[in-house]
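Heads up: the structure comes next, in structure tokens.
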Amino acid sequence: MTARTASRPADRARLKPTTVVWLLPAAVLLAVLFLVPVGYAIYLGFTNLELLGPFAQNFSFTGLANLDRMVHDPVFWLSVRLTLIFVIGSGIVAQTVLGLALALLGQRANVTVRTSVGAIVILAWVLPEIAVAFIWYTFAQAGGTLSYLIGHPTTNLLTSAPLLIVCVANAWRGTAFSMLVLSAGLRNVPAEVDEAAQLEGASYWRRLLRVTLPIMRPTIMTNMLLITLGTISDFTLIFVMTQGGPGNATAILPVYMYIEAFQFNALGYGTAIALTIVLIGALLSIVYIRQLRPELAKAKEAE
Amino acid sequence: MSVLTGVRRRESAENAATRGEAPPGQSRRSRWVINLIMGLIGIWFLLPLAWLLDAAFNPNAGPGLASPQLSVTNFIGAFHTGAGRDIANSLYLAIVSTLVTTAVSLLAGYSLSRRHVPFKGAVLVAVLFLTGLPVTMLLVPIYEMYVAFNWLNSPFWTSLVLASTSVPFAIWLLKNFIDQVPREFEEAAAIEGSGELRTLWRVVIPLALPGVLVSAILTFINAWGAFLIPLVLDSNPGQTPAAVGIYQFLDANAQVQYGPLAAYSILFSIPVLVLYLISSRWLQGGFAFAGGIKG
């Protein structure tokens, strides 16, 4: 995904003073408020820093103590499991399947249906996250619309099925992105290929599975990678809906990190949790990029 | 903000229609089924939105749908809880971070597109890498820094954090936009003796305007909706932006004030919807890009 660098051989290959001046503001801002904090986070993750009390000022490097605490912390492991369920279930699976379904249906539905349903789905995605969190908080309350729909109007679904509800809410909010990316991808599938398969008498489903989806694979994988990175660091939706509860039933890693750091004062341990979020995100990215490798190699050859 | 946003352009939607509609062999019945399924999915997406609209105008709104009314009581109620002040705070955060991000990223993006920069490839990869890092990682170190420098509870310094988290994506976006602007105009301007900053302002920015606007609008939307950073860095009552205001309003009362909260949420969402509509025609390119990585 790196961009082509627009350098020409005619460029005088020397660094002009004005270039340095023009790069400086961005460099300073990123250094002070991005790179230094990233480095500092890696250090703080191995300290006993606290929000209040004696360790707020005189904290020290504690080696692998936070890691040890993490390994023996059942809530941390629960949180890892919840994060994976949330990312895979509500992000990767639900949004990709629903987005792909909408993109495929949109190809064949009539214009009015496609345009109006598309607009509604996009509206759900454009709304600020805090508004979505409030809407879905209400939707699942006793007496809320969802409770009525499933025939249990007196049940608060955020207590009886909290993880399912936050997953559904997140899928509701995020599907538009997959729909848009995948419909753009569908338009790039050459019509001739599909027509050739059709002439040979292949059914719609067979053409979809054997022709369209294989051609779309890199688009689908890229889309999944972007969804994964977006979902794994999501905080607002769940925090506003449930604050990680009831109990720790919806405490995905970013929420657990906030609770440990800013409610239980364990800033050092919280930072260590934040580092594991980055680690999991990096591991998942590597998996995707490996999957994409044949396509990337082909793209390079084509250039 | 590691994600490109957008909507289909009208032309391409029509394009798809002529190509995808009624392929030979598609019966009228299957067409009907397709419309029905898509319509049902649409209703599922519509219901929560319908509740929000219904509740905002209903003076006795509860968690369920009720018969529509047209009362502005809830909007007045929202302003009584400080919606106006909170929205002004959101506006300050969003405007400052958008101005800083756009100015800084334009200079850097232009330099990375046009000038010789040592290790340019590595710099670009690093910038792209930063767009993927979660904000949660920066939270505690920045909090500690802000305690040390006494920058906590300052809207200005809070907005700079929002800016720094937007800058990597903005640089990357603007560099790619400027790459597509032909150089001849700048070369002509240089021959006529125009200074570099003047050339950037008078020649490059007008040519790359869609890119600059998309970058500014995405930064604004991102800062406008920011919740976690202001929640941690700026907790002074009266200074909180609307995203935190809505949360506190939801959390504060034992009996949730559905009507005023719905009205407040709508007020808070309107600027984002307007900006999205304005920018959607230029955002198309982003989707074609994300969807266009061919095998």
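Residue numbers (this note's numbering), protein chains in the order written: chain A, 109 to 411; chain B, -11 to 283.
The beta-carbon is built from N, C-alpha and C at its ideal position, and this holds for glycine as well.
Note that the structure is predicted; figures quoted are calculated from it, not measured.
Asked, Found
"Give the secondary structure of residue 191 of chain A by DSSP, where H, G and I count as helix, E and B as strand, and everything else as coil.", "helix"
"Are the beta-carbon atoms of residue 344 of chain A and residue 231 of chain B separated by less than 9 Å?", "yes"
"Answer with yes or no whether the minimum CB distance from residue 313 of chain A to chain B is below 9 Å.", "no"
"So if I threshold CB-CB distances at 9 Å, which residues from the segment 372 to 389 of chain A count as touching chain B?", "375, 376, 378, 379, 381, 382, 383, 385, 386, 389"
"Is residue 327 of chain A helix, strand or coil when you go by DSSP?", "helix"
"Less than 9 Å between the beta carbons of residue 283 of chain A and residue 363 of chain A, yes or no?", "no"
"In chain order, what residues of the same chain have a beta carbon less than 8 Å from the beta carbon of residue 265 of chain B, not counting five sequence neighbours either side?", "none"
"Residues of chain A with a CB under 7 Å from the CB of residue 103 of chain B: which are they?", "124, 127"
"Residues in its own chain within less than 6 Å of residue 249 of chain A by CB, not counting five upstream and five downstream?", "264"
"In chain order, what residues of the same chain have a beta carbon less than 8 Å from the beta carbon of residue 9 of chain B, not counting five sequence neighbours either side?", "Residue placement at residue 9 of chain B is flagged as unreliable, the pLDDT there being 44, under the threshold of 50; the coordinate-derived value follows with that caveat. For residue 9 of chain B, where only same-chain residues beyond five positions count, there are no Cβ hits under 8 Å."
"Go ahead and label residue 28 of chain B buried or exposed: buried means 16 or more other beta carbons lie within 10 angstroms of its beta carbon, across all protein chains shown.", "exposed"
"Along the alpha helix (DSSP H) that carries residue 342 of chain A, what are the first and last residues, could you check?", "Taken as a continuous stretch (DSSP letters only), residue 342 of chain A belongs to no alpha helix (DSSP H), as it is neither H nor E."
"Within its chain, find whatever has a CB closer than 7 Å to the CB of residue 155 of chain B; leave out the 5 residues flanking it on each side and keep chain order.", "89, 92, 93"
"Anything in the segment 199 to 233 of chain A with a Cβ closer than 8 Å to a Cβ of chain B? List those residues in chain order, please.", "206, 209, 210, 213, 214, 215, 216, 217, 218, 219, 221, 222, 223, 224, 225, 226, 228, 229, 230, 231, 232"
"If the cut is a Cβ gap below 7 Å, which residues of chain A does residue 217 of chain B touch?", "Result: empty, since nearest Cβ-Cβ is about 10 Å, beyond 7 Å."
"Nearest chain A C-beta to residue 153 of chain B closer than 9 Å, yes or no?", "yes"
"Taking the alpha helix (DSSP H) that residue 59 of chain B belongs to, which residues open and close that run?", "Where residue 59 of chain B is concerned, there is no enclosing alpha helix (DSSP H), given that its DSSP letter is neither H nor E."
"Pick helix, strand or coil for residue 154 of chain A, following the three-state DSSP scheme.", "coil"
"Mind listing the chain A neighbours of residue 95 of chain B? Cutoff is C-beta to C-beta under 8 Å, in chain order.", "130, 131, 133, 134"
"So what's residue 372 of chain A in DSSP terms, helix, strand or just coil?", "coil"
"So, helix, strand or coil for residue 67 of chain B, using DSSP?", "helix"
"In chain D, what lies closer than 8 Å to residue 301 of chain A by C-beta?", "No chain D is part of this structure, whose protein chains are labelled A and B."
"Based on Cα-Cα distance, which residue from A:140, A:356, A:145 lies nearest to residue 271 of chain A?", "A:356"
"Strictly below 7 Å CB to CB, what residues from chain A border residue 257 of chain B?", "235, 236, 239"
"Alpha carbon to alpha carbon, how far is residue 82 of chain A from residue 319 of chain A?", "Nothing about residue 82 of chain A can be read from this structure; chain A reaches only from 109 to 411."
"Out of B:226, B:241, B:158, point me to the one whose CA is closest to residue 209 of chain B's CA.", "B:158"
"Taking 9 Å as the threshold (beta carbon to beta carbon), is residue 124 of chain B in contact with chain A?", "yes"
"Per DSSP, residue 107 of chain B is paired with what?", "Bridge partners of residue 107 of chain B: none, in fact."
"Comparing the C-beta of residue 184 of chain B with each C-beta of chain A, is any distance below 9 Å?", "yes"
"Output, in chain order, the set of chain A residues within a Cβ distance shorter than 9 Å of residue 235 of chain B.", "238, 241, 242, 344, 347, 348"
"What's the C-alpha gap between residue 201 of chain A and residue 281 of chain A?", "14 Å"
"So who's on the other strand from residue 169 of chain A, going by DSSP bridges?", "A:155"
"Strictly under 9 Å for the Cβ-Cβ distance: is residue 208 of chain B near chain A by that measure?", "no"
"Residue 187 of chain A and residue 383 of chain A look like a contact to me (Cβ under 8 Å); what is the Cβ gap, rounded to whole Å?", "In fact, because the Cβ distance is near 14 Å, the residues do not count as touching under 8 Å."
"Would a check of beta-carbon distances place residue 367 of chain A closer than 9 Å to chain B?", "no"
"Check the C-beta distance from residue 248 of chain B over to residue 66 of chain B and give it rounded, since I have them as a contact under 8 Å.", "5 Å"
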